[in-house]
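Enquirer: Input: one structure, supplied below.
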Amino acid sequence: MRPPSLRTLHGAQQAQLTFIRRCAPSVSSVKSWQVASCRWQSSTSSPGQQAKKPYYITTPIFYVNAAPHIGHLHSMVLADVIKRWEQVKGNEAVLCTGTDEHGMKIQRAAMKVDMDPKDFCDSNANKFKSLAAQAEISNDFFIRTTDPDHKDAVEVFWMHLKHTLPKQLGLYKGVHKGWYCVSDECFYPEDLVAPAIHPQTGRKVMISTETENEVEWVEEETWFFPLTKYKDALLRFYEENPNWITPAHRLNEVKDWVNNHLEDLSVTRPASRLSWGISDPENQSQTIYVWVDALINYLTTTGYGAKWQGPNHDMGIWPADLQIIGKDILRFHAIYWPALLMALGLPLPKRLLCHDHWKMSGRKMSKSLGNVVNPVLALQRWGVDALRYFLMKSATHTKDMGYSNDLIAVAYNKELRAATGNLFQRIAMPRASAKWSIEQAVEAQRDDSNPVHQLKDIETLESHLVVVKDTVQKAMDNLDPAAATRATFALLREANRYISDEAPWDVAKDPSPEARCRLNHIIFQASEALRVAAILMQPIMPAKMTELLDKLGVKQERRTLEWAEFRKDLEYFGPSVAERDVRRPKWDTLFPPALDGDMSDMEALTMASNFQGDKKSNEMNMMLEVLALEARLGKDVLEQFREKKEEKA
1 MRPPSLRTLH GAQQAQLTFI RRCAPSVSSV KSWQVASCRW QSSTSSPGQQ AKKPYYITTP
61 IFYVNAAPHI GHLHSMVLAD VIKRWEQVKG NEAVLCTGTD EHGMKIQRAA MKVDMDPKDF
121 CDSNANKFKS LAAQAEISND FFIRTTDPDH KDAVEVFWMH LKHTLPKQLG LYKGVHKGWY
181 CVSDECFYPE DLVAPAIHPQ TGRKVMISTE TENEVEWVEE ETWFFPLTKY KDALLRFYEE
241 NPNWITPAHR LNEVKDWVNN HLEDLSVTRP ASRLSWGISD PENQSQTIYV WVDALINYLT
301 TTGYGAKWQG PNHDMGIWPA DLQIIGKDIL RFHAIYWPAL LMALGLPLPK RLLCHDHWKM
361 SGRKMSKSLG NVVNPVLALQ RWGVDALRYF LMKSATHTKD MGYSNDLIAV AYNKELRAAT
421 GNLFQRIAMP RASAKWSIEQ AVEAQRDDSN PVHQLKDIET LESHLVVVKD TVQKAMDNLD
481 PAAATRATFA LLREANRYIS DEAPWDVAKD PSPEARCRLN HIIFQASEAL RVAAILMQPI
541 MPAKMTELLD KLGVKQERRT LEWAEFRKDL EYFGPSVAER DVRRPKWDTL FPPALDGDMS
601 DMEALTMASN FQGDKKSNEM NMMLEVLALE ARLGKDVLEQ FREKKEEKA
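Per the UniProt record's numbering, the sequence shown starts with residue 1, numbered consecutively.
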């Protein structure tokens with residue numbers, strides 16, 4: 001049968017709301033930040049009208065059965081970049097991340113190391129918290145599913161499912177027989193299970209054909225959520241919201257699952273088998289399914305249960321504007337989660353972003369293969385912003401991504417050290433004999449009598465500068481930081497080519513007024529490329545771009561998106577004379593020399609203390625010439641030249 005409309009569900013919910021209120025936790029039992037006044041309600045709004053709520057973005061909550069890996073860091077950085085992008089646009093934004101700490105997998109992992117489950121979770125949750133801090137993730141909330149306020153929220157949600165819905169749409173008791181995967185914490189239908197040989201022990205096992213993880217046969221009394229009754233509503237929602245999931249092809253996977261594999265969802269486990277979780281408030285012998293528990297975390301941070309319980313209440317920052325997930329948990333967020341929200345008449349998240357996984361040397365990262373990247377060591381080796389840049393530059397939502405130190409080294413040396421850091425050095429820190437400055441160049445642009453338009457054969461970067469803001473904005477609004485990094489790098493590469501071709505060091509030798517005018521024009525064009533690029537790249541490299549904007553003398557209030565336009569700001573001034581007179585060693589620059597990419601992280605960190613940056617003196621000049629050639633000829637042409645040269649060799 002077709003489930004009733006959300007309006008019908010709302011009515012059923014309101015009819016029994018008094019009962020749920022008796023089950024709700026008291027406000028005094030909830031953290032202070034949850035019971036704060038609704039700060040997003042406009043004091044000048046008319047009744048029933050609200051001011052624009054903050055942009056609410058979530059990461060997955062990460063399972064604490066093991067230490068963080070590079071995939072966890074990627075999800076965090078991606079969410080943080082999008083939050084910061086909203087802030088660069090001038091919007092208020094809120095980011096939630098955290099840890100998923102219940103379930104059979106945690107229970108078994110804790111038993112394996114002879115630890116109390118809560119102590120085990122405390123230890124590993126701290127590792128994720130520490131990683132977020134080290135990566136400069138600007139999360140507003142770090143939720144743990146073992147938090148008391150989350151337990152309260154889950155109990156309120158659960159009691160709604162049991163008692164406020166029409167009989168055919170609410171929870172019901174039954175016996176579940178099926179294949180359960182502890183690693184994935186879910187049941188799989190018969191057609192998605194197959195026999196296999198365990199690669200390490202050689203024993204015959206049954207596995208999920210989706211994840212290739214082992215499954216076990218389970219038969220137990222349980223509560224069910226009638227997921228099949230929401231099939232039509234789910235399919236209708238997908239059809240009405242074709243852009244709900246990015247990338248688009250993931251929505252087709254979801255539709256296929258709903259059409260061909262949908263079963264009612266077993267939402268409790270016997271406490272005799274799973275004790276580590278949140279119990280049914282009315283029956284301690286049943287533990288609520290870990291995925292129902294986990295998904296509700298996105299509501300907990302909004303004050304659900306304590307501040308509000310239904311769609312007629314002030315829901316604060318809910319619904320989420322964007323939920324970021326990995327492809328392995330798509331079904332839970334794109335099928336189970338919307339169906340549960342529909343059941344309670346709550347708004348669905350506005351958008352899901354589903355990213356792929358990281359591979360090392362073409363193979364999926366795995367502890368058994370020994371190719372898991374430690375994100376803490378990687379951050380220490382490459383620096384926070386450089387690693388953030390690489391993760392976003394390489395981010396793709398259509399295929400798995402490749403991680404290697406060689407790839408990071410190329411991006412660091414070419415795009416950060418040469419195209420960005422050295423461009424700043426070339427135009428902002430000239431030799432004393434050059435006698436130019438960004439301050440003079442910008443000041444000349446404010447002079448209406450500036451005769452630059454009278455100069456012959458003068459080149460400009462304007463054609464590149466006037467389009468980069470729109471290009472980056474389109475990419476970021478399409479949740480594609482990789483395209484945004486390509487656009488800004490293309491601008492900086494052109495600026496480096498421009499400086500090489502225009503040779504301001506030669507122009508500075510000519511004392512004539514015309515030469516001085518030309519010189520100021522050249523320096524201003526290149527400094528504008530740096531200023532605009534730095535504003536646009538703040539979400540990806542917040543610390544380094546803040547440092548660069550500081551060095552350029554850009555005012556704090558002029559670092560938002562509206563200022564990322566050619567000639568928009570004519571009041572920045574670059575380094576002072578005193579700063580330019582101090583010649584810093586190259587390892588004390590914006591992007592200092594990095595170690596070779598073919599070393600392991602441990603080897604690199606061991607050598608770091610003795611590293612003196614003693615590379616060949618002409619290495620940077622060679623890199624700058626490569627950038628200039630790419631800009632002049634096109635990167636594809638240069639690659640063909642390299643390939644032919646290698647063939648001849």
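In this text, a Cβ means the ideal position worked out from N, Cα and C, and glycines have one as well. Keep in mind it's a predicted model, so treat the numbers as computed, not measured.
Within a Cβ cutoff of 7 Å, which residues of the same chain sit near S208, ignoring the five residues on either side of it in sequence?
Expert: The answer, listed in chain order, is C181, D184, Y188, L192, V193, V215.
Enquirer: Specify, as a first and last residue, the run of the beta strand (DSSP E) that S208 falls within.
Expert: Unbroken beta strand (DSSP E) run through S208: 204-208.
Enquirer: Name the one or two DSSP bridge partners that G178 has.
Expert: DSSP, once it has assigned bridges, lists V218 as partnering G178.
Enquirer: Going by the beta-carbon positions, is the gap between G574 and L552 smaller than 8 Å?
Expert: Yes, the pair counts as a contact, with Cβ atoms nearer than the cut-off.
Enquirer: Rounding to the nearest angstrom, what Cα-Cα distance links H163 and V175 in this structure?
Expert: So the two alpha carbons sit approximately 20 Å from each other.
Enquirer: Please classify N283: does DSSP put it in a helix, a strand, or coil?
Expert: Residue state, collapsed to three classes: strand.
Enquirer: Within 10 angstroms of its Cβ, does P195 collect 16 or more other Cβ (buried), or is it exposed?
Expert: When all chains shown are included, P195 counts as exposed.
Enquirer: DSSP on L590, reduced to helix/strand/coil?
Expert: Residue state, collapsed to three classes: coil.
Enquirer: Using the DSSP secondary-structure output, state which residues sit across from S266 in a beta bridge.
Expert: Per DSSP, F224.
Enquirer: Run the CB neighbour count on R39, radius 10 Å, all protein chains shown included, and call it buried at 16 or more, exposed below.
Expert: Bear in mind that a pLDDT of 30 at R39, under 50, signals an unreliable position, so the model cannot answer this.
Enquirer: DSSP three-state call for M104: helix, strand or coil?
Expert: In this structure, M104 counts as helix in the three-state DSSP scheme.
Enquirer: Curious, which full-length beta strand (DSSP E) runs of at least 3 residues does the stretch 102-188 contain?
Expert: Counting only runs of 3 or more, we get 141-144, 172-181, 186-188.
Enquirer: Would you say A529 and L624 are within 8 Å of each other, going by their C-beta atoms?
Expert: It is not a contact, given that the beta carbons lie outside the stated cut-off.
Enquirer: Leaving out five residues before and five after T246 in sequence, what residues of the same chain have Cβ atoms less than 8 Å from its Cβ?
Expert: Around T246: R351, L352, L353, C354, H397, N478, L479.
Enquirer: Report the rounded CA-to-CA distance for P451 versus V442, giving the unit in angstroms.
Expert: Looking at the two C-alpha atoms, the distance is approximately 14 Å.
Enquirer: Is A475 helix, strand or coil by DSSP?
Expert: Helix at A475.
Enquirer: Would you give the residue range spanned by the beta strand (DSSP E) that L322 belongs to?
Expert: Per DSSP, L322 belongs to the beta strand (DSSP E) from 322-326.
Enquirer: Does DSSP put H355 in a helix, in a strand, or in coil?
Expert: DSSP places H355 in strand when its eight states are reduced to three.
Enquirer: Taking the alpha carbon of I57 as the reference point, which residue from H74, C96, V81 has its own alpha carbon closest?
Expert: Ranking the options by Cα distance to I57, first place goes to C96.
Enquirer: Rounding to the nearest angstrom, what Cα-Cα distance links residue 650 and P199 in this structure?
Expert: Residue numbering for the chain in the displayed model covers 1 to 649; residue 650 lies beyond these limits and cannot be assessed.
Enquirer: Suppose you measure from the CA of V94 to the CA of I499; what does that come to, to the nearest Å?
Expert: Rounded to the nearest angstrom, the two C-alpha atoms are 41 Å apart.
Enquirer: Taking the alpha helix (DSSP H) that residue 669 falls in, what are its first and last residues?
Expert: This structure leaves residue 669 out entirely; the chain is present only between 1 and 649.
Enquirer: Under three-state DSSP, which class holds R567?
Expert: Reduced to three states, the DSSP call for R567 is coil.
Enquirer: Just how far apart, CA to CA, sit Y63 and I324?
Expert: Spanning the two alpha carbons is a distance of roughly 15 Å.
Enquirer: Report the three-state DSSP secondary structure of V532 (helix, strand or coil).
Expert: Note: V532 maps to helix in three-state DSSP.
Enquirer: Assuming L536 and K469 form a contact by the criterion Cβ under 8 Å, report the distance between their Cβ atoms to the nearest whole angstrom.
Expert: That pair is a contact at about 7 Å.
Enquirer: Could you check what DSSP says for M365 in three-state terms: helix, strand or coil?
Expert: Coil at M365, not helix or strand.
Enquirer: Apart from the five residues just before and just after P117, which ones in its own chain have a Cβ nearer than 7 Å to its Cβ?
Expert: The answer, listed in chain order, is I106, Q107, A110, W276.
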